[in-house]
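Just so we're aligned: the sequence shown equals residues 1 to 458 in the UniProt record's numbering.
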Amino acid sequence: MGLLGKLLLVSVTLTALVIGYIFYTLNQVPQLPELENTWWGAGQPRKLDESIRNFKINISDDILHDLQIRLDLHSHITPPMENVNFEYGFNTDYLKKVVEFWKTKYNWREREVFLNKFPHFKTYVDGLDLHFIHVKPQKVDKNIRVFPLLLLHGWPGSVREFYDIIPLLTTPRKDVNFVFEVIVPSLPGYGFSEGASKPGLGPAQVAVVMKNLMERIGFKKFYAQGGDWGALIVSNMGTLFPKSLLGVHSNMCFSNSLSANLKVLLGSLWPTLIVDEAHVDKLYPVGQHYAYLLEEMGYMHLQATKPDTLGVALRDSPVGLAAYILEKFSTWTERSWRSLPDGGLTRKYRLTDLLDNVMIYWVTGSITTSVRLYSEAFTKAQFALKLDSIPSITPTACAAFPNELAYQPKSLLQEKYLKLVQYTDMPRGGHFAAFEEPELLADDVFEAVKIMDSKKAT
Ligand SMILES: *[C@@H]1O[C@H](CO)[C@@H](O)[C@H](O)[C@H]1NC(C)=O
């Protein structure tokens, strides 16, 4: 064998070894971590009241008066450039209209009555005073089973997103032999739920807290549904607690394993290996999709690194807070709305409903604690748990809404969700599925649980 032949043999062997090593590493399943109950409250762990207390939203006159003063003072607004809509962020000409509406038409005391139409509760879990809504179906026939369903919101959302879907889930349907009772918590640090006093409460730990909350309420086994952070948290719950989770429904399924990411990149060469013909342009060209994510994800880097600095500004200015939050309700509902003067906000929403959500952040002063979740999600400790690479054996269903920020085909999700019982390409809707398309989402949840329940019986 000549020198060239030897070199060739060596390089072929090395390449084979490297490829073999990569596949070996990718197929290694990390061990499921055991996450312990942790005291997230202030000071030393101590015994707290474990009862479930009735709760009513009733914000003090002082907070509302202070808000009115701040809204009246908002004179420092830089006008947008000519012919610019939402491309540079929230259009300040339109922002003035939002503020005018907020000051003169939006009536918090009336909205409180609306928000209190469902029964609210609080209870201490893992050192935190947590808030949740709990709605049971009315008048259920004896042959109809009632399944507990945890509904989890994300950022910059709140329990408000679920107001229209709650009655759809808790009302029995013709020819369906089950219905839901729903538990809708504010995530720790969001709205009426207390935030952590200690670092480390990331999405994996929130999964533990939420399971503990469900057990406190009396549910050892339950279904869970979520979007945004709620989607990641219910996915974590399915991965960590397959004995407790009867099934998971997500409107933002995402498998962020190394293997899934590599496959997306490799798919550039042959897209239909990864995604069906009709959805190729949802993933490819990859560069175009990453470029879009870069354009829209600046907030995430900021929140993941300096949440408290950002929080100072947003906590001090209701107008700034509204611009920051509502910008997301424009672009994440429909990306083309960036080129509309009002960001398309009133095409799908009412300003009153959008302001309810902003108010939940304002009156509770929770914006800083809410954005800290990003910081806790992107830590070495959180990545070390490797939850992305541990397959979930909990029955899972994914609803892929067409305007969601990122798209993942079924082929990639099946690696993470070993029992992916349903994957629906939804006909319309974006990131805030429950808020935007409550009927579509409720239908999909019923369909998914029908399948999960029938498989459980066999
Ligand atoms: C709200 O709290 C105030 C002051 O504590 C009280 O007077 C009022 O009745 C409460 N309103 C409701 C709707 O509970």
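Note that the Cβ used here is the ideal one computed from N, Cα and C, for glycine as well.
query                                                                                                                                                                    : result
Closer than 8 Å: is that where the CB of D60 sits relative to any heavy atom of ligand 1?                                                                                : A quick correction: the sequence has Ser, not Asp, at residue 60. Checking the Cβ of S60 against ligand 1 gives yes.
Name the one or two DSSP bridge partners that N143 has.                                                                                                                  : In DSSP, N143 forms no bridge with anything.
Thinking L149 and I233 are a contact (beta carbons under 8 Å), I'd like their distance in whole angstroms, please.                                                       : Actually they do not touch by this definition, with Cβ atoms about 14 Å apart.
Verify whether the separation of the beta carbon atoms of P307 and S257 is less than 9 Å.                                                                                : no
Run the CB neighbour count on K243, radius 10 Å, all protein chains shown included, and call it buried at 16 or more, exposed below.                                     : exposed
Below 8 Å, can you find three or more Cβ-Cβ pairs linking the stretch 335-343 to the stretch 438-458?                                                                    : no
State yes or no: is the C-beta of K380 within less than 9 Å of the C-beta of P156?                                                                                       : no
Within the same chain, show all residues whose beta-carbon is closer than 8 Å to that of T331, passing over the 5 residues directly before and after it, in chain order. : F86, E296, W337, R338, G343
Just list the residues that DSSP pairs Y417 with in beta bridges.                                                                                                        : S392
Considering only residues of the same chain and omitting the five flanking positions on each side of L354, which have a CB-CB separation below 8 Å?                      : L326, F329, L345
According to DSSP, simplified to helix, strand and coil, what is D276?                                                                                                   : coil
Please classify S389 as buried or exposed, where buried requires at least 16 other C-beta atoms within 10 Å of its C-beta.                                               : buried
Do N107 and ligand 1 come close, with the Cβ less than 8 Å from some heavy atom?                                                                                         : no
Which of the three DSSP states, helix, strand or coil, is assigned to A207?                                                                                              : helix
For R53, report the span of its beta strand (DSSP E) as first-last.                                                                                                      : 53-55
Terminal residues of the continuous beta strand (DSSP E) containing V18?                                                                                                 : V18 -> not in any beta strand (DSSP E); alpha helix (DSSP H) instead, spanning 3-27.
For Y223, report the span of its beta strand (DSSP E) as first-last.                                                                                                     : 222-226
Of the choices N177, H134, S158, G430, whose alpha-carbon is the least far from that of S454?                                                                            : N177
Answer with buried or exposed for F145, where buried requires no fewer than 16 other C-beta atoms within 10 angstroms of its C-beta.                                     : The question names Phe, yet the displayed sequence has Arg at residue 145. Exposed.
Just checking, does the stretch 190-210 make contact with the stretch 38-54 on the three C-beta pairs under 8 Å criterion?                                               : yes
Compare the Cα-Cα distances from P137 to each of K348, F180, H289 and report the closest residue.                                                                        : F180
If you follow the beta strand (DSSP E) that T123 is in, where does it begin and where does it stop?                                                                      : 120-125
State the DSSP-derived secondary structure class of A400, mapped to helix, strand or coil.                                                                               : strand
Which parts of the stretch 154-222 are runs of the beta strand (DSSP E), unbroken and 3 residues or longer, counting only runs that do not cross its ends?               : 178-185
Give me the Cα-Cα distance between L387 and S158, rounded to the nearest whole angstrom.                                                                                 : 25 Å
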